[in-house]
Structures are given as structure tokens and as C-alpha cells.
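FYI, the numbering for the sequence shown is 13 to 424, going by this note's numbering.
Just below is one structure, and these are the notes that go with it.
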Amino acid sequence: MKRICLLLAILTVTLSAHAQHKPRPDAFPPLPEAVETKAVTMATSVEEMLSWDRYPTYSVYLQMMEKWATDFPQLCHIDTIGTSVKGRLILSLFIETPSTNNLYRPEFFYSSTIHGDEVTGFVMLLRLIDTLLNGYGNNPQYTNLLNRTRISINPLANPDGTYYLGDNTVQGSVRYNAHHVDLNRNYPNPFVSSKATIEPENEAMINYFDHHLFRLSANLHGGSEVMNYPWDSFTSLQNPHPCADWWIDVCKRFVDTCRTYNNSHFRDVTSSGYIAGGDWYVIHGGRQDYFNYHNNCLELTMEVSTTKTLSSNRLPEYWNFLQHSLVNYIEEIHSLPENNGIANSKVIFYPNPTVGFIHLTHPVFSPIELFGVDGHPLMQFPSGIVTLDLNNLPAGIYLLRYDGNTTKILKQ
Ligand SMILES: [Zn+2]
Numbered sequence: 013m014k015r016i017c018l019l020l021a022i023l024t025v026t027l028s029a030h031a032q033h034k035p036r037p038d039a040f041p042p043l044p045e046a047v048e049t050k051a052v053t054m055a056t057s058v059e060e061m062l063s064w065d066r067y068p069t070y071s072v073y074l075q076m077m078e079k080w081a082t083d084f085p086q087l088c089h090i091d092t093i094g095t096s097v098k099g100r101l102i103l104s105l106f107i108e109t110p111s112t113n114n115l116y117r118p119e120f121f122y123s124s125t126i127h128g129d130e131v132t133g134f135v136m137l138l139r140l141i142d143t144l145l146n147g148y149g150n151n152p153q154y155t156n157l158l159n160r161t162r163i164s165i166n167p168l169a170n171p172d173g174t175y176y177l178g179d180n181t182v183q184g185s186v187r188y189n190a191h192h193v194d195l196n197r198n199y200p201n202p203f204v205s206s207k208a209t210i211e212p213e214n215e216a217m218i219n220y221f222d223h224h225l226f227r228l229s230a231n232l233h234g235g236s237e238v239m240n241y242p243w244d245s246f247t248s249l250q251n252p253h254p255c256a257d258w259w260i261d262v263c264k265r266f267v268d269t270c271r272t273y274n275n276s277h278f279r280d281v282t283s284s285g286y287i288a289g290g291d292w293y294v295i296h297g298g299r300q301d302y303f304n305y306h307n308n309c310l311e312l313t314m315e316v317s318t319t320k321t322l323s324s325n326r327l328p329e330y331w332n333f334l335q336h337s338l339v340n341y342i343e344e345i346h347s348l349p350e351n352n353g354i355a356n357s358k359v360i361f362y363p364n365p366t367v368g369f370i371h372l373t374h375p376v377f378s379p380i381e382l383f384g385v386d387g388h389p390l391m392q393f394p395s396g397i398v399t400l401d402l403n404n405l406p407a408g409i410y411l412l413r414y415d416g417n418t419t420k421i422l423k424q
């Protein structure tokens with residue numbers, strides 16, 4: 013989850029006027045970390061996972077991935093995204109059915125458990141793989157979806173955090189990787205420069221994305237139940253995502269379907285079950301914003317269980333209300349907004365002419381330089397900024413340059 017403590021929740025409620033991240037009017041104060049007594053049962057064989065009420069040992073996890081690749085060689089293969097600090101494998105099962113035509117099939121990506129102790133999504137994605145592969149040819153919805161979509165599923169993005177105490181248990185799992193780094197604060201921030209070293213798990217994931225053309229993805233977390241759509245780096249008032257309306261529709265469909273099966277879920281952060289990330293609280297270095305901005309891939313953060321390490325006997329209950337939404341979310345890739353407004357769209361500077369401030373329709377991934385009409389450099393603004401202060405400039409014509417683009421500005 014995006015880290016929350018009870019104290020912060022209380023402060024947010026009592027001192028909302030001064031709180032950095034004031035909840036929306038429809039937001040409930042976050043619940044304290046769930047106090048459920050965790051009963052974690054481990055599966056020590058692939059057969060023991062068949063009831064889906066256990067967590068796999070690391071070895072069983074690898075065996076499951078290999079078994080699917082062996083049992084369904086026409087439908088899937090394993091991608092090794094990379095290795096963790098301790099040398100554990102970061103894997104994805106890539107599902108691609110035989111093509112009967114040469115039509116373009118967009119690429120979708122699911123990933124879970126970048127926070128090693130948020131393990132509900134780990135089992136949900138394993139079960140999703142099993143369901144899709146076994147449903148192909150039997151279930152018309154899955155068959156149709158797989159024939160039109162290339163789907164990569166990475167159930168475990170931070171194996172060292174999940175198997176912190178050893179390969180045989182997820183009990184004692186931790187949020188961080190083996191360098192004690194929060195991987196969901198370690199991505200290069202498109203909007204704020206940082207000299208942080210990119211951890212091997214993230215380096216591998218970035219490389220994997222750069223070799224694919226994922227158009228829609230989700231990163232599953234636990235600790236809350238809410239659909240957290242971009243941006244995480246800004247509040248929606250500061251800088252709404254260009255596709256915010258589309259995201260809201262997608263989130264509504266996801267939550268509504270979940271509630272059809274169990275009406276009590278997705279209620280601990282907002283009554284709607286979704287929120288713009290920065291309106292919950294702002295973070296920097298998250299994966300979601302990086303892939304939205306840098307790879308032009310629409311990714312959101314799915315917080316799927318209020319308890320991070322759910323008691324294993326409750327995993328089937330979570331699957332029951334999540335499974336249809338998880339499948340339907342993949343379907344959304346076939347109705348993406350025509351232009352997601354980020355990497356491929358030109359920034360508009362407004363108002364122009366201006367008497368002082370210039371705003372950007374969305375941030376850019378490079379510094380912005382301001383020149384006089386004679387080409388003399390006058391000012392430089394950092395990447396990610398969405399408002400330029402030109403109040404101190406005399407009236408006249410200026411040029412703004414960023415990333416090879418030039419815009420003429422009139423200061424009155
Ligand atoms: Zn998390």
C-alpha cells in the first residue's frame with residue numbers, strides 16, 4: 013500500500029486545514045493497518061496450490077510458472093524479466109495465442125507485489141494465469157480476449173521482500189528489496205530529478221518495458237482497497253491526468269463489478285472505491301507515473317486487499333469478488349482513449365499572450381529554456397514544472413524551447 017499510519021489518519025481528520033494531503037470530501041479516514049490474525053499456510057507442491065487457499069513457496073512458484081509453459085506451449089512462454097538483488101527470478105508469463113490473422117494485438121501487462129509483504133495480488137495473478145489458460149477454448153470471453161490481446165503477467169516483482177525469511181514462507185515478508193529500498197519510490201521520477209540508484213529489480217522492469225509496447229497495465233498492491241489512478245506525483249487540482257475521465261470510468265466499472273459479488277469491498281479509502289493518486293497522497297518515484305509518462309503506457313495502482321498479508325484461507329474469497337474485474341480490466345485495452353495526451357501530444361502553453369504566468373497542459377520530460385527573440389538565453393525551468401513565472405520579464409516576445417520544440421510567447 014501507499015504507506016499509512018493511524019497517526020497520520022488522525023492528523024488528517026483533525027488538522028485537515030493544515031494536512032498536506034487533505035482527503036476528498038467523499039474520502040473516509042484510512043483504517044489502521046488491519047489487525048487480522050494472519051494464518052499463513054504454505055503450499056509445498058504444485059498440487060497443494062490447486063485449492064488456491066495457500067501461498068506458494070518460492071520453489072512451488074517457479075514450478076507453477078514452468079508447468080504452465082510446459083502444459084500450454086502453444087499459448088504461453090516464460091519471460092525472465094531479470095533477477096533480484098539476491099538472485100531470485102523476476103518472471104512473467106507471456107500469453108500469446110496462435111495468430112489466425114496478422115491483425116495487431118495490443119500488449120497488456122499485470123504485475124504484483126512490488127512491495128514484498130503485499131501478497132494477495134501475487135496469488136490473484138497466479139490464479140488469473142491458470143484461469144485464462146484453462147479457459148482458452150472453453151470460455152468464450154477468455155478465448156476472445158486472448159485471441160485479440162498479448163498479455164504478460166508478472167505475479168511477483170519483489171521476490172526478496174516476499175521471501176525475506178527464506179524461500180519456504182511468506183510469513184515475515186517485508187515491503188523492501190534486499191537493499192532495504194522501497195521499489196515503488198525508486199523509479200526515475202519524470203518530474204523531479206533524482207540521483208538515486210535504480211535498484212536491479214526496477215532496472216530489469218524498465219528494460220522489459222522498453223522492449224515491449226505495453227499500452228495498459230496495473231500494479232497490484234495491498235493494505236487498502238482502492239483504484240489509484242495517475243498521477244501520484246500531483247494532486248488532480250495541480251495537474252490532472254489527461255485521461256482522468258477515462259480512468260474514472262474504468263475504475264467505476266472495476267469497483268462496481270467487484271461489489272456485485274461482495275458489496276463490502278473497496279470502501280476503506282473512498283466511498284467510490286477510486287481516487288486520483290495524488291489526492292490520496294503524493295509520492296515520487298512510483299512505477300505508475302514512470303510508465304505512464306515514459307512508456308506511454310496507461311498504468312494504475314490497484315490496492316486489492318485491506319490486509320497486506322492476507323490469511324491464506326481468505327484468498328478464495330478475494331478471488332471470488334476480484335476475478336471478473338481483473339479479466340474485464342484487460343478488456344479495457346480495446347477501448348483506450350485515442351490519444352492519452354502524454355508522450356505523443358504537444359504541450360500547450362497558456363494563456364498566450366500572458367501578463368505573468370504561463371501554464372502547461374502537462375509536464376514535459378526535459379528542462380524548459382526561455383530565450384529572447386535574438387536567441388539569448390534568459391531563464392531555465394526544471395523538467396516537470398507546470399507553471400512558469402514570467403512576472404519579472406519586461407513586455408516583449410520570447411521563445412520557449414523544450415525537447416526540440418519551440419513556442420513563441422508574448423508577454424504583455
Ligand atoms: Zn504497496
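Every residue gets a Cβ at the ideal spot worked out from N, C-alpha and C, and that includes glycine.
Since this is a predicted model, take the numbers as computed values, not measurements.
(message) Taking the alpha helix (DSSP H) that MET76 belongs to, which residues open and close that run?
(response) Residues 70 to 83.
(request) With a threshold of 7 Å, establish whether the CB of GLU213 neighbours any heavy atom of ligand 1. (result) No, Cβ of GLU213 sits at least 7 Å from all heavy atoms of ligand 1.
(message) Just to confirm before moving on: does the CB-CB distance between GLY128 and VAL72 stay below 8 Å?
(response) No. Outside cutoff.
(message) Please return the same chain residues whose Cβ sits closer than 8 Å to the Cβ of ASP38, not counting the five positions on each side in sequence.
(response) Residue confidence is low: ASP38 scores 40 on pLDDT, short of 50, so the model does not pin down where it sits. Its coordinate-derived value is still stated next. Non-local C-beta neighbours of ASP38 in its own chain, meaning closer than 8 Å and more than five positions away in sequence, comprise THR282, SER283 and SER284, ordered along the chain.
(message) In this structure, how does DSSP classify HIS346 when only helix, strand and coil are distinguished?
(response) Residue state, collapsed to three classes: helix.
(message) Looking at the secondary structure, which residues open and close the beta strand (DSSP E) in which GLY290 lies?
(response) It is not in any beta strand (DSSP E) - GLY290 instead sits in the alpha helix (DSSP H) that spans 289 to 292.
(message) Excluding the 5 residues flanking ASN180 on each side, which residues of the same chain have their C-beta closer than 7 Å to its C-beta?
(response) If you ignore the 5 residues before and after ASN180, its C-beta comes within less than 7 Å of the C-beta of MET54 and THR69, all in its own chain and listed in chain order.
(message) I'd like to confirm something about ASN196: is its beta-carbon nearer than 7 Å to some heavy atom of ligand 1, or not?
(response) Within the cutoff, so yes.
(request) Check each candidate in TYR175, GLY94, TYR148 and LEU140 and name the one with the smallest Cα separation from GLU458. (result) Examination of residue 458 is not possible in this model, given that the chain is present from 13 through 424 alone.
(message) Using only the alpha-carbon positions, how far apart do LEU145 and LEU158 sit?
(response) LEU145 and LEU158: Cα-Cα distance of roughly 9 Å.
(message) From the DSSP secondary-structure annotation, give me the bridge partner or partners of THR399.
(response) Paired residue(s): HIS371.
(request) Please name the residue in ARG227, GLY133 and ASN231 whose C-alpha comes closest to that of PRO195. (result) Checking the sequence shown, residue 195 turns out to be Leu, not Pro. Nearest C-alpha to LEU195: ASN231.
(message) Please state the DSSP three-state secondary structure of THR143.
(response) THR143 sits in a helix when the DSSP states are folded into three classes.
(message) For CYS88, list the residues DSSP reports as bridge partners.
(response) Beta-bridge pairing by DSSP links CYS88 to ILE107.
(request) Mind the definition here: the segment 149 to 163 touches the segment 96 to 112 only if three or more C-beta pairs lie below 8 Å; say whether that holds. (result) Proximity of the segment 149 to 163 to the segment 96 to 112 meets the contact definition, three or more beta-carbon pairs being nearer than 8 Å.
(request) Starting from the N-terminal side, write out each stretch of the alpha helix (DSSP H) that is 4 residues or longer and does not extend beyond the segment 242 to 309. (result) Counting only runs of at least 4 residues, the segment 242 to 309 fully encloses the following alpha helix (DSSP H) elements, listed from N- to C-terminal order: 256 to 273, 289 to 292 and 299 to 306.
(message) DSSP has ALA230 in a bridge; who is on the other side?
(response) Note: ALA230 sits in a beta bridge opposite TYR122 and LEU312.
(message) ASN201 and GLY297 - do their beta-carbons sit closer together than 8 Å?
(response) Using a Cβ distance threshold of 8 Å, GLY297 and ASN201 count as a contacting pair.
(request) Would you mind sorting THR313 into buried or exposed? The rule is 16 or more other CB atoms within 10 Å of its CB. (result) With 16 or more other Cβ atoms within 10 Å, it is buried.
(request) Tell me whether LEU327 sits in a helix, a strand or coil according to DSSP, three-state version. (result) In this structure, LEU327 counts as helix in the three-state DSSP scheme.
(request) Please say whether VAL238 and GLU315 have beta carbons closer to each other than 8 Å? (result) Between GLU315 and VAL238, the C-beta spacing is below 8 Å.
(message) I'd like to know whether the C-beta atoms of ASN189 and ASP172 end up nearer to each other than 8 Å.
(response) Result yes, Cβ atoms of ASN189 and ASP172 sit closer than 8 Å.
(request) May I ask which residues mark the beginning and end of the beta strand (DSSP E) holding MET391? (result) For MET391, the enclosing beta strand (DSSP E) starts and ends at 389 to 393.
(message) For PRO406 and PHE361, I'd like the C-alpha separation in whole angstroms.
(response) Rounded to whole angstroms, the gap between the alpha carbons of PRO406 and PHE361 is 19 Å.
(request) Give me the Cβ distance between SER323 and TYR67, rounded to the nearest whole Å; I'm assuming they're in contact under 8 Å. (result) At roughly 10 Å, the Cβ-Cβ gap does not stay under 8 Å, so SER323 and TYR67 are not in contact.
(message) So, with DSSP's three-state summary, where would you put VAL52?
(response) DSSP, reduced to helix, strand and coil, places VAL52 outside both helices and strands of the structure shown, so it counts as coil.
(request) Tell me where the beta strand (DSSP E) around LEU157 begins and ends. (result) LEU157 -> not in any beta strand (DSSP E); alpha helix (DSSP H) instead, spanning 152 to 160.
(request) Would you tell me roughly how many angstroms separate the C-alpha atoms of LEU422 and TRP259, rounded to the nearest one? (result) The alpha-carbon atoms of LEU422 and TRP259 are separated by roughly 35 Å.
(request) Examine ligand 1 and report whether any of its heavy atoms sits within less than 7 Å of the Cβ of HIS127. (result) Distance from the C-beta of HIS127 to the nearest heavy atom of ligand 1 is below 7 Å.
(request) Would you kindly check if the distance between the Cβ of GLY368 and the Cβ of TYR410 is under 8 Å? (result) The beta carbons of TYR410 and GLY368 sit no closer together than 8 Å.
(request) Out of GLY387, GLY408, PRO389 and TYR414, point me to the one whose CA is closest to ILE397's CA. (result) It is TYR414 whose Cα lies nearest to the Cα of ILE397.
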